[in-house]
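K.L.:
The structure that follows is given in the form of structure tokens.
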Amino acid sequence: MSINTELQSNRAKNCSKSEYKVVVIGAGPQGILYASWLKQARPELQVVVLERESQPKFKIGESTLSGFCKALRSVGISQEALELLFFPKNGLGFFHVDESIENVTEAPEYILETFDETFQVERRLLDGLLITNARRLGVEVIQGARVDLANSQLSDRGNTIAYRFQQQKYEIKSQLVVDASGPASIIAKHLDLYNKEDVNFQSNAVWGYFKNVNRLGDRTDWQKVAQFSRDQYTQHFCFREGWMWYIPLVSWENVPEADRESMFNRFLGGEELPTKAELAARHGCPEEDIISIGMVLRQDRDDKFAEGRKATFDHYAQQYPAIAELLEGAELVFDLYGAEQALRARANIRGYAEQAVGDGWLSIGEAAFFVDPLISPGLTGGVATAYFAAQSTLRAIDRNNFSQEAFADYEAFVGKLYEALERDNQLVYMSFNHPKAIELIQRFQEIDARRHFNQHITSDYCLADTNVWGILNPIYQSLQKQLWQIMREAEIAVDEQKAVNQQTKEDYEVMVSRIEAYLVNYLDIHTELTPYIVQNETTEKLQTELTCVE
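Using numbering that gives the first Met the number 0, read the sequence shown as starting at 0 and increasing by one per residue.
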């Protein structure tokens, strides 16, 4: 038995009480943060997390936003520890590429900077850090526990959860079960409540990890000014059929399993933090710079995904010269995180639970819904559901009521957030038809986001933060719905005239004119909330203005 397996076995024995107030299924960020917030509020509360994997494994979901990092800080994970472990992210970048763009530096570009420093994370390391931190708060986490819902019972009068650990069967009783199993969404799927069919803009994804990429951060011949290196933005290469992400990562793949927890405890114990070089030397695990690159494709516009992951990736890498130039000479990493295939794929990535709560249970994070990786909503929206659910749980405990009706406010919140995130996401997808549309939609979305974070950036994570980036503002939603109608009508009209692969940005000039006419007053009266005015000016224009000042 390995040291790690023995440690997990001992923990399972120590945590094998037969009754808890709350059982959480899944030790990803949403489940762990939910459990951590409960323990912070009620240290005496008995909370256990059942995680099927014995150790955190590779996952996508690498790009964070301000709200998520704020949530991490709220449970005791410092900004300094995040800076030490992960690659900095200071915004989002959008390049409009088509067949005419030979090099990304020639592409129309839009830059949106975040509101404080965030990060591109290696999920295996982040999830491990969160688990260690939760244990320090008193949360019990059993890793290697596989929940068996077929032999479990869910009820507002009490739940019985069956699970297996090291070939042994166990049962736990609880008043509430929280599904934080991510896209597996095991409760909703077990109850036949998960829907992937009734979804607009269903999408498929294929991705991998690369070395020796012609990195954006090494280039200097940009047409626009940016405050940070292009490597410090989550970059979106936008085209008719979808988009490609470009996310630089610091990989700590070679940290031995036995060393990870001691490393995490040092970060969390108030000791002086080492430098990255000292950390690597101590654990014999030099950090590696790699790039996560993936294509996300609209099913209504892509006809290549059925041919397989490599054929799909290669097709779009060759179709768009700017992407081909980026990847020229790049090396696809075949053995990262023990993956069986270098290129990963996921079909039908969007979906939602038709019911996020029931008698004695609720779903949070991606178990409740998954929209799309576009504009990085997963972790930030997920922790919003986790925090809202935690507050609803505390109220249910006080009232000793765990019925479906007791969580009606949470159900309503999840539904509103899902619909708003979907519309936001679809607006961005439709903006890929024209570079000016990208600029207009990003400016529109930035206004409420920046207003929201300006008001809440210094406070602890609270219910106001569950508004994500101001997306639930009624005025914003009204504008959002009308923009969706304008853009969708334009797509349908163009699709009736031309096949997708024959469409050009000129076909969407009328759409752009309608968006501009609709948004002109809203954008003009909120210029103080859109610093794009400086960061998206051309280098040539700013140089001319500076010369005039001199």
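Idealized CB from N, CA, C, for every residue including glycine. Small disclaimer: the values here were computed from a predicted structure and weren't measured.
In whole angstroms, what separates the C-alpha of I290 from that of E324?
P.N.:
Approximately 15 Å between the Cα atoms of the pair.
K.L.:
Assign A26 to buried or exposed, taking buried as 16 or more other Cβ atoms, counted over all protein chains shown, within 10 Å of its Cβ.
P.N.:
Buried, by the Cβ-count rule.
K.L.:
Which two residues bound the contiguous alpha helix (DSSP H) that contains E490?
P.N.:
Run containing E490: 473–496, per the alpha helix (DSSP H) assignment.
K.L.:
Check whether the Cβ atoms of W360 and I186 lie closer than 8 Å to each other.
P.N.:
The answer is yes: Cβ separation under 8 Å.
K.L.:
In chain order, what residues of the same chain lie with their CB nearer than 7 Å to the CB of A389, ignoring the 5 residues before and after it?
P.N.:
Only Y33, W36, L37 meet the Cβ criterion.
K.L.:
Determine the DSSP secondary structure at D178, reduced to helix, strand or coil.
P.N.:
Residue state, collapsed to three classes: strand.
K.L.:
According to the neighbour-count rule (16 or more other Cβ atoms, all chains shown, within 10 Å of its Cβ), is R123 buried or exposed?
P.N.:
Looking at its Cβ environment, which holds 16 or more other Cβ atoms inside 10 Å, R123 is buried.
K.L.:
Report back the beta-carbon spacing between L272 and E79 to the nearest angstrom; my notes put them in contact at under 8 Å.
P.N.:
Yes, L272 and E79 are in contact; Cβ-Cβ is about 6 Å, under 8 Å.
K.L.:
Which whole-angstrom value describes the C-beta separation of Y109 and Q441, a residue pair presumed to lie in contact below a C-beta threshold of 8 Å?
P.N.:
5 Å between Cβ atoms; contact.
K.L.:
For the alpha helix (DSSP H) holding D423, just list the boundary residues, first then last.
P.N.:
It spans 407–430 - the alpha helix (DSSP H) in which D423 sits, taken as one unbroken run.
K.L.:
Does the stretch 347–366 come within contact of the stretch 172–181, defined as at least 3 CB pairs closer than 8 Å?
P.N.:
As far as the Cβ criterion goes, the stretch 347–366 touches the stretch 172–181, which means the pair count is three or higher.
K.L.:
Pull up the DSSP beta-bridge partners for H235, would you.
P.N.:
Answer is F93, W244, bridged to H235.
K.L.:
Taking a contact to mean a Cβ-Cβ separation below 8 Å, would you say N424 touches V382 in this structure?
P.N.:
No, they are not a contact pair.
K.L.:
In chain order, what residues of the same chain lie with their CB nearer than 6 Å to the CB of R345, ignoring the 5 residues before and after it?
P.N.:
Closer than 6 Å at the Cβ level, and outside the excluded window around R345, lie A204.
K.L.:
To the nearest angstrom, how far is it from the Cα of F452 to the Cα of F312?
P.N.:
Going by the C-alpha atoms only, they are around 36 Å apart.
K.L.:
Give the list of continuous alpha helix (DSSP H) stretches no shorter than 4 residues that lie fully inside the stretch 243–331.
P.N.:
As far as the stretch 243–331 is concerned, its whole alpha helix (DSSP H) runs of at least 4 residues are 256–267, 275–282, 308–318, 320–326.
K.L.:
In terms of DSSP beta bridges, what is R343 paired with?
P.N.:
In DSSP, R343 forms a bridge with W206.
K.L.:
Can you give me the C-alpha to C-alpha distance between M262 and F118, rounded to a whole angstrom?
P.N.:
One C-alpha to the other measures close to 19 Å.
K.L.:
Please classify F333 as buried or exposed, where buried requires at least 16 neighbouring CB atoms within 10 angstroms.
P.N.:
Counting Cβ neighbours within 10 Å, F333 comes out exposed, since fewer than 16 surround it.
K.L.:
What is the DSSP secondary structure of K16, reduced to helix, strand or coil?
P.N.:
Reduced to three states, the DSSP call for K16 is coil.
K.L.:
Would you kindly check if the distance between the Cβ of Q354 and the Cβ of L153 is under 8 Å?
P.N.:
No, the pair does not count as a contact, with Cβ atoms beyond the cut-off.
K.L.:
Comparing alpha-carbon positions, which option in H235, G90, V212, I524 lies nearest P372?
P.N.:
Closest by alpha carbon: H235.
K.L.:
Please say whether L71 and L81 have beta carbons closer to each other than 8 Å?
P.N.:
The answer is yes: Cβ separation under 8 Å.
K.L.:
Kindly list the residues whose CB is nearer than 8 Å to the CB of H433, restricted to its own chain and excluding five residues on each side of it in sequence; keep chain order.
P.N.:
H95, K504, Y507, E508, M510, V511.
K.L.:
Please report the Cβ distance between R281 and Q502, rounded to the nearest whole angstrom; I am assuming they are in contact, meaning their Cβ atoms lie under 8 Å.
P.N.:
Not quite, the Cβ-Cβ distance comes to about 55 Å (not below 8 Å), so this is no contact.
K.L.:
Which residues does DSSP pair with N466 in a beta bridge?
P.N.:
Per DSSP, none; premise fails for N466.
K.L.:
In terms of residues, what are the limits of the alpha helix (DSSP H) holding D397?
P.N.:
Start and end: 377–398.
K.L.:
Could you please give me the residues that DSSP links to T117 through a beta bridge?
P.N.:
According to DSSP, T117 bridges with K88.
K.L.:
Three-state secondary structure (DSSP) at I555?
P.N.:
No answer is possible for residue 555: it lies beyond the span of the chain, which begins at 0 and ends at 549.
K.L.:
Give the DSSP-derived three-state secondary structure of S35 in the structure shown.
P.N.:
Reduced to three states, the DSSP call for S35 is helix.
K.L.:
Whole angstroms is fine: what's the gap from H314's alpha carbon to K303's?
P.N.:
If I take the Cα positions, the gap works out to 8 Å.
K.L.:
With distance defined between alpha-carbon atoms, name the residue in E287, A144, G293 nearest to G207.
P.N.:
Ranking the options by Cα distance to G207, first place goes to G293.
K.L.:
Is it buried or exposed, K435, if we count other Cβ atoms within 10 angstroms and call 16 or more buried?
P.N.:
Answer is buried; the Cβ neighbour count reaches 16.
K.L.:
In the DSSP assignment, what residue or residues form a beta bridge with I141?
P.N.:
DSSP, once it has assigned bridges, lists L49 as partnering I141.
K.L.:
Give the DSSP bridge partners of R552, in chain order.
P.N.:
Residue 552 is absent from the structure shown; the chain starts at 0 and stops at 549.
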